[in-house]
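Notes follow once the structure below has been shown.
There are 2 protein chains.
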Amino acid sequence: MTHGPEHRFGEATLTVLDAAGTPLPETELVVEQTRHAFGFGNIGFDFVDLANGAGDADTEHLADLYTDVFNTATLPFYWGRFEPTRGEPDTTRLRTTAEWFRDRGIALKGHPLVWHTVQPDWLLGLPSDEVEELQRQRIRREVSGFAGVIDTWDAINEVVIMPVFDNGDNAITPLARARGRIPMVRMAFDEARAANPHATLLLNDFDLSSAYECLIEGVLEAGVHLDAIGLQTHMHQGYWGEETMLAMVDRFARYGLPLHLTETSLVSGDLMPAHIVDLNDHQVPSWPSTPEGEARQADDVERHYRSLVGHPAVEAITYWGITDAGAWLGAPIGLVRADGTPKPSYDALRRLVKEEWWLGPTTVRTDGHGQVRVRGFRGDYRAEVGGTTTAFVVDDAAAAVQIVV
Amino acid sequence: MTHGPEHRFGEATLTVLDAAGTPLPETELVVEQTRHAFGFGNIGFDFVDLANGAGDADTEHLADLYTDVFNTATLPFYWGRFEPTRGEPDTTRLRTTAEWFRDRGIALKGHPLVWHTVQPDWLLGLPSDEVEELQRQRIRREVSGFAGVIDTWDAINEVVIMPVFDNGDNAITPLARARGRIPMVRMAFDEARAANPHATLLLNDFDLSSAYECLIEGVLEAGVHLDAIGLQTHMHQGYWGEETMLAMVDRFARYGLPLHLTETSLVSGDLMPAHIVDLNDHQVPSWPSTPEGEARQADDVERHYRSLVGHPAVEAITYWGITDAGAWLGAPIGLVRADGTPKPSYDALRRLVKEEWWLGPTTVRTDGHGQVRVRGFRGDYRAEVGGTTTAFVVDDAAAAVQIVV
Numbered sequence: 009m010t011h012g013p014e015h016r017f018g019e020a021t022l023t024v025l026d027a028a029g030t031p032l033p034e035t036e037l038v039v040e041q042t043r044h045a046f047g048f049g050n051i052g053f054d055f056v057d058l059a060n061g062a063g064d065a066d067t068e069h070l071a072d073l074y075t076d077v078f079n080t081a082t083l084p085f086y087w088g089r090f091e092p093t094r095g096e097p098d099t100t101r102l103r104t105t106a107e108w109f110r111d112r113g114i115a116l117k118g119h120p121l122v123w124h125t126v127q128p129d130w131l132l133g134l135p136s137d138e139v140e141e142l143q144r145q146r147i148r149r150e151v152s153g154f155a156g157v158i159d160t161w162d163a164i165n166e167v168v169i170m171p172v173f174d175n176g177d178n179a180i181t182p183l184a185r186a187r188g189r190i191p192m193v194r195m196a197f198d199e200a201r202a203a204n205p206h207a208t209l210l211l212n213d214f215d216l217s218s219a220y221e222c223l224i225e226g227v228l229e230a231g232v233h234l235d236a237i238g239l240q241t242h243m244h245q246g247y248w249g250e251e252t253m254l255a256m257v258d259r260f261a262r263y264g265l266p267l268h269l270t271e272t273s274l275v276s277g278d279l280m281p282a283h284i285v286d287l288n289d290h291q292v293p294s295w296p297s298t299p300e301g302e303a304r305q306a307d308d309v310e311r312h313y314r315s316l317v318g319h320p321a322v323e324a325i326t327y328w329g330i331t332d333a334g335a336w337l338g339a340p341i342g343l344v345r346a347d348g349t350p351k352p353s354y355d356a357l358r359r360l361v362k363e364e365w366w367l368g369p370t371t372v373r374t375d376g377h378g379q380v381r382v383r384g385f386r387g388d389y390r391a392e393v394g395g396t397t398t399a400f401v402v403d404d405a406a407a408a409v410q411i412v413v
Numbered sequence: 009m010t011h012g013p014e015h016r017f018g019e020a021t022l023t024v025l026d027a028a029g030t031p032l033p034e035t036e037l038v039v040e041q042t043r044h045a046f047g048f049g050n051i052g053f054d055f056v057d058l059a060n061g062a063g064d065a066d067t068e069h070l071a072d073l074y075t076d077v078f079n080t081a082t083l084p085f086y087w088g089r090f091e092p093t094r095g096e097p098d099t100t101r102l103r104t105t106a107e108w109f110r111d112r113g114i115a116l117k118g119h120p121l122v123w124h125t126v127q128p129d130w131l132l133g134l135p136s137d138e139v140e141e142l143q144r145q146r147i148r149r150e151v152s153g154f155a156g157v158i159d160t161w162d163a164i165n166e167v168v169i170m171p172v173f174d175n176g177d178n179a180i181t182p183l184a185r186a187r188g189r190i191p192m193v194r195m196a197f198d199e200a201r202a203a204n205p206h207a208t209l210l211l212n213d214f215d216l217s218s219a220y221e222c223l224i225e226g227v228l229e230a231g232v233h234l235d236a237i238g239l240q241t242h243m244h245q246g247y248w249g250e251e252t253m254l255a256m257v258d259r260f261a262r263y264g265l266p267l268h269l270t271e272t273s274l275v276s277g278d279l280m281p282a283h284i285v286d287l288n289d290h291q292v293p294s295w296p297s298t299p300e301g302e303a304r305q306a307d308d309v310e311r312h313y314r315s316l317v318g319h320p321a322v323e324a325i326t327y328w329g330i331t332d333a334g335a336w337l338g339a340p341i342g343l344v345r346a347d348g349t350p351k352p353s354y355d356a357l358r359r360l361v362k363e364e365w366w367l368g369p370t371t372v373r374t375d376g377h378g379q380v381r382v383r384g385f386r387g388d389y390r391a392e393v394g395g396t397t398t399a400f401v402v403d404d405a406a407a408a409v410q411i412v413v
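Written as structure tokens, this is what we have:
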């Protein structure tokens, strides 16, 4: 059986029947988990080429490592890269990538619909009203165009800093300054919601101070419906520790909304100096992964996931990088080395996600009434008996499932 | 004439008439300013005893220094000190103090109606609903009871930190955490507004980061009407400089509301070390005023006032201390030494407020139509001609004033 925090468990009662509907007592089944309800995510940026037919053996191997652990992939929709030339969005390639993931049982998330960074140059100099209209159109285009394949979006990213961001020209900061933060959030959510009423829409930020609380409270008071609160935790300067992390999570859990740890990174090399405020300001020619760093990262990853999976408000953790190759800031934050070999952190996370918190193929036997109770981490399961495979869900509703042999 | 930034000036055209209504050409008048429209405030905490008949010569001298420069006094309504025993508020003493100031031409401001610090012990342990009701009653009692004498209030203080404040037990933090920041602001403003529809009500904070912007935007989106935004600037760690200060003011000016610099302090001794985050954490046995510190403070005060009076959105600056005696944190932030002698900062501020930005008694002469234009810092003025004194106002509406001799 699986081990883990009580609130992550669910159960289902299986009744095995013959074709005439008679319960089959003392009958063996093999049950096993096929998917976690909890979102174990990572970025899917590295697989766009592979999904579009331009992969190689190394990337295929990386994909195997990825799909063995993660059930959710964040895909890049940075406007400036997605549509560097006006009117020529990268839709086809991203759709193929999203479908590639979906076909491997991996749910998709798009990131982000509105942000002040990685903006297209062609927005610069346009009047605010036009920028706003183009931004609205872009939200509708992406969210409706990908509906059914990508149903989770960072609707708007880093709003706390948005109207005062001063690291480079962009068209969104002046718009946010003119309109205000809450109207920007409302715009993003209104457009995305209208384009896909079933989407899970997040507000996402790296600023986890009182500022984000104030923003969220303002947004909620203004009647904007958030499906989840996104919390970035890039820890290039070192793991914060369970106490600090959970105190932060508690502050945001009080809004009664699901929490997604949307962007987690932990380095397996030297830590970034603590005095650096904007992580982007730290540029080093080489930032190697080290044996000591990898041991520390493995420990950090395990503590981070264990503590957050232990918090009832957290519904997803997205790690920000599968490989060191091409990682943000050149930092060794991957779970896999640039040479394609898994780091200890990968093994530690896989052990949690696919062993300790996972029900592998397990033989169970029905009782005198033809019933057997399956308890495990909430998620998708299947049962195999007499050549018949039946899918079922384990959640906190304690479903009753009939299996006809 | 006075000198200063253009946006501070106003004018009035005086027409001098005889009793029959005939204009008197080439007639001399003496005009002079009697009050600034701009709020030059300070705390009035030191004069409660004096106003209540328990003063001494030193305090009377201090009062003379005070009333010669300041036109607005902030009085202390900290709930825990105002009503240390439930049902026994310090109303009479504070009313006498307020009237004492009013009789000296000084407008009053009450500080604060809602805050998580300096709370009465008797609130502790009461259920949230009862704390809220008592808080509402207390707002109504003070605001209606002092209406007409105190018509400006810090309706709520330091809301950014309010729900997460953890420096000592109090009944307001749990209430703010349960209700949310914006409902707390709404409560304070709704109650105060209902109790005195003519009051000027402020949100006031020391946190001038994006968090306060987010709070303000949320409050405004929620439809709460703020009369002014209060910005604290306690500079025990050194004057921030014009550039930093005005950049901050610009950020808050974009909401189109008047800005009040509600709490300014600048030390005339050693600076508090820069690493201290909560100023209350710096406790020293003795913190003397020094000659070098006094010279620096005078320079800082002049730069601070000159730059802020120069910003069109700023309508008031309240300095946080007239004397070092009993100053907050024991810091030498007063404009007057503990021995009652004015520091250079006092002289510098007086020179600005009552000389450079002030029209002293000035002889002017009507033209051929019996008219003369008076231009000066906006505020109250009077004209004396032929034994008749007439009060008039200089503002940006360019009033026409008739003076009948």
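Top to bottom, those sequences are chains V and U.
Following our numbering, the numbering of the first sequence begins with 9 at its first residue and continues without gaps.
Following our numbering, the numbering of the second sequence begins with 9 at its first residue and continues without gaps.
We put the CB at the ideal spot given by N, CA and C, even for glycine.
The structure displayed is predicted, hence computed values, not measured ones.
Item: Chain U contact residues for Arg262 of chain V, given Cβ-Cβ distances below 8 Å; Value: Arg185
Item: Coarse secondary structure for Val412 of chain V, derived from DSSP in three states; Value: strand
Item: Chain-ordered neighbours of Ser217 of chain U on chain C, where CB pairs are closer than 9 Å; Value: No chain C is part of this structure, whose protein chains are labelled V and U.
Item: Interfacial residues, the segment 153 to 173 of chain U to chain V, with Cβ spacing under 8 Å; Value: Val168, Ile169, Pro171, Val172
Item: Within the segment 172 to 214 of chain V, ranges of the beta strand (DSSP E) (whole runs, at least 3 residues); Value: 208 to 213
Item: Alpha-carbon to alpha-carbon, Pro128 of chain V and Gly176 of chain V; Value: 12 Å
Item: Neighbour list for Ala230 of chain U in chain V, Cβ cutoff strictly below 8 Å; Value: Gly226, Glu229, Ala230
Item: 8 Å CB neighbourhood of Leu279 of chain V in its chain, flanking five on each side removed; Value: His244, Gln245, Gly246
Item: Beta-carbon spacing of Gln410 of chain V, Leu25 of chain V below 7 Å; Value: yes
Item: Per-residue burial, Ile284 of chain V [other beta carbons within 10 Å of its own, 16 or more giving buried]; Value: exposed
Item: Closer than 7 Å to chain U by CB, Ile190 of chain V; Value: yes
Item: Sheet register partners of Met243 of chain V (DSSP bridge); Value: V:Leu274
Item: Proximity test, Cβ basis, 7 Å: Gly265 of chain U and chain V; Value: Note that residue 265 of chain U corresponds to Leu in the displayed sequence, not to Gly. False, the Cβ-Cβ gap to chain V never drops below 7 Å.
Item: Residue-level contact to chain U via CB, Leu223 of chain V, 7 Å cutoff; Value: yes
Item: Beta-carbon gap between Thr298 of chain U and Thr272 of chain U smaller than 7 Å; Value: no
Item: Beta carbon of Leu83 of chain U nearer than 7 Å to that of Leu58 of chain U; Value: no
Item: Ordered list of alpha helix (DSSP H) runs contained in the segment 83 to 147 of chain V, each at least 4 residues; Value: 87 to 90, 99 to 111
Item: Inter-residue Cα distance where the pair is Ala303 of chain V and Ser353 of chain V; Value: 8 Å
Item: Contact set between Arg259 of chain V and chain U, taken where Cβ atoms lie within less than 8 Å; Value: Val172
Item: Pair within 7 Å by beta-carbon distance, Phe197 of chain V and Leu183 of chain V; Value: no
Item: Three-state secondary structure (DSSP) of Arg259 of chain U; Value: helix
Item: Contact check, Ala81 of chain U vs Ile147 of chain U, beta carbons under 7 Å; Value: no
Item: Beta-carbon proximity list for Gly88 of chain U, same chain, < 7 Å, skipping 5 on both sides; Value: Val126, Gln127, Pro128
Item: Residues near Ile341 of chain U by beta carbon distance below 6 Å, same chain, minus five either side; Value: Ser273, Val275, Gly329, Ala335
Item: Residue-chain proximity (Phe17 of chain V, chain U), Cβ-Cβ < 7 Å; Value: no
Item: Bridge partners - Glu19 of chain V, DSSP secondary structure assignment; Value: V:Arg383, V:Asp403
Item: Proximity of Val139 of chain U and Ala179 of chain U at Cβ, strictly below 7 Å; Value: yes
Item: Residue range of the beta strand (DSSP E) that includes Leu343 of chain U; Value: Per DSSP, Leu343 of chain U belongs to no beta strand (DSSP E) and is neither H nor E.
Item: Rounded distance between the beta-carbons of Leu269 of chain U and Ala236 of chain U, thought under 8 Å; Value: In fact, because the Cβ distance is near 10 Å, the residues do not count as touching under 8 Å.
Item: Contact set for Trp108 of chain V: own chain, Cβ-Cβ below 6 Å, skip 5 residues either direction; Value: Ala59
Item: Segments of 4+ residues assigned as alpha helix (DSSP H) that fall wholly inside the segment 310 to 379 of chain V; Value: 352 to 359
Item: Pairwise C-alpha distance: Trp248 of chain U and Val257 of chain V; Value: 34 Å
Item: Opening and closing residue of the beta strand (DSSP E) in which Ile51 of chain V lies; Value: 47 to 51
Item: Residue from V:Trp295, V:Gly387, V:Leu239, V:Arg103 whose Cα sits closest to the Cα of His15 of chain V; Value: V:Gly387
Item: Opening and closing residue of the beta strand (DSSP E) in which His44 of chain V lies; Value: 36 to 44
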